[in-house]
Amino acid sequence: MRESQMKKIIALAVAGAFAAPVIAADVTISGNLEYRYVADDSANTTSTDAADNVVTITATSELNNGMTVSGSFTMDAAAGEADSSSVINDGGDNITIAGAFGSISVGDVSGGMDAVGDYSDVSPVGGEFGADGDDAFLALTPNLGVEGLKVVVSMTPEGDDEGNPEGTSYGIEYTIGSFAVYAGSDEAQAADDKMSSAGAKYTTGGIMVAYEVGDKTTAGSGKVEYTGVAATYSMGDAKFAYEVVEEDDDGSVQKDETVLSVTYNLGGGVTVFAAKQDDDKATTVVDKTTVGINYAF
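In the numbering used here, the protein residues as written are 718 to 1014.
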């Protein structure tokens, strides 16, 4: 056998050895595209807006001990805009190992408090309950053997390169039948910030009602209190939603926004929506009407 042929055979064998783990992994691609038309009556202006246009690639494979490992990263189509500096969005890139013990995730993951709740955030635009916690570097979700119980504990060390504050967080959620409750706490040690929240929701038939409260105390300012109230009614492919979000800074109302919306599912991952936002307590009065289309795949 000629030496050149032998080198080619060796090169192919080495390449095959390195390619095998990649072939063994299950790779999925998912994403979300959304475009909106916004009529701002308070400013007498109109605009178009692209939101959360991302593609996520996830690979999953099995370890020798039967556990599974998955990794994902997200590409953000909003690169070049004022709120983005890179094509790769670092808001969710992570590695997760899961097994009978539960799961452990490392990278840029939802913190303990961020991983539970957010029951009142039902509108496609606006609203947004403010006490939902930070992302973290490391998160543990143990399997406690209790059906309906979810516990997440997380931490971020000093010097995290994702920009998440140093600290610890936990979240606990319990679901039984149509009823669910949660509580969480998030403490950023470096900034001396503390946040907590709790909430409940009830679902029956096509109706869902939810209530959440939370607060945030920072070293540089006073205490901000958050309240979120929501209700939805689903009828066939249509969902009607009502959401109210209030933020109170040491007795001064900074936000008292009401959002009425309707979303219609066209199938194939496509939904269209319309929403009306109103807030006359904000520093800048909010009076917006938004229509949009969302494609999730």
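Glycine is no exception: its CB is placed at the ideal position from the N, C-alpha and C atoms. Because the structure is a prediction, the values reported are computed rather than measured.
My output table needs one value for residue i: the three-state DSSP class, helix, strand or coil.
i	result
A760	coil
A741	helix
D831	coil
M792	strand
G952	It should be pointed out that residue 952 corresponds to Met in this sequence rather than to Gly. It is a strand residue.
K998	coil
S895	coil
L866	strand
E890	strand
T935	coil
Y836	coil
M784	coil
G923	coil
E875	coil
D851	coil
N770	coil
G916	strand
F1014	coil
G968	coil
Q985	Note that residue 985 corresponds to Gly in the displayed sequence, not to Gln. Here G985 sits in coil by DSSP.
Per the DSSP calculation, residue i is bridged to which residue(s)?
i	result
P882	DSSP, once it has assigned bridges, lists no residue as partnering P882.
P859	G819
G1009	R753 and F990
G945	E929 and V962
E904	T885 and K911
E845	E845 is not bridged to any residue.
G824	N811
Within a Cβ cutoff of 6 Å, which residues of the same chain sit near residue i, ignoring the five residues on either side of it in sequence?
i	result
V1008	Y754 and A991
A776	A742, V744 and G788
G986	Y1012, A1013 and F1014
T975	V961 and D995
I821	I814 and L857
Could you say which of the options lies nearest to residue i if we only look at CA atoms?
i	options	result
T935	I924, S837 and D966	D966
G953	T980, A856 and D757	T980
P859	I924, Y887 and A853	Y887
D903	S969, T921, T873 and T892	T873
E751	A999, T988, T1001 and T1006	T988
I814	E779, D835, P841 and S837	E779
T920	N881, D997, V930 and T892	T892
F957	N982, G945, K933 and E942	N982
S840	S978, G984, V1003 and A853	S978
D1004	D758, A947 and G923	D758
A999	T1006, K993, D932 and E963	E963
F854	V842, N782 and E875	E875
G945	V926, E883 and D852	V926
G834	G850, V842 and D910	G850
V767	D793, E929 and E883	Reading off the sequence, residue 767 comes out as Ala, not Val. Answer by Cα proximity: D793.
So does residue i have its beta carbon nearer than 8 Å to some heavy atom of the ligand MG?
i	result
A905	You won't find the ligand MG in this model; it holds no ligand whatsoever.
Does any C-beta atom of chain D lie closer than 9 Å to the C-beta of residue i?
i	result
D973	Absent from the structure is chain D; it holds one protein chain and no more.
Leaving aside the five residues before and after residue i along the sequence, list all residues of the same chain whose C-beta is less than 7 Å from its C-beta, in chain order.
i	result
M1102	Residue 1102 cannot be examined here, being either before or after the span of the chain that is shown, 718 to 1014.
L861	V868
Y959	A947, A948 and L977
Going along the chain, which residues of its own chain have a beta-carbon closer than 8 Å to the beta-carbon of residue i, five neighbours each way excluded?
i	result
S895	Y919, T920 and T921
Check whether the segment 859-870 touches the segment 843-850, counting contact only when three or more Cβ pairs, one atom from each stretch, lie closer than 8 Å. no
Is there contact between the segment 826-833 and the segment 938-957, where contact requires at least three CB pairs shorter than 8 Å? no
If you pair each beta-carbon of the segment 908-919 with each one of the segment 888-899, do three or more pairs fall below 8 Å? yes
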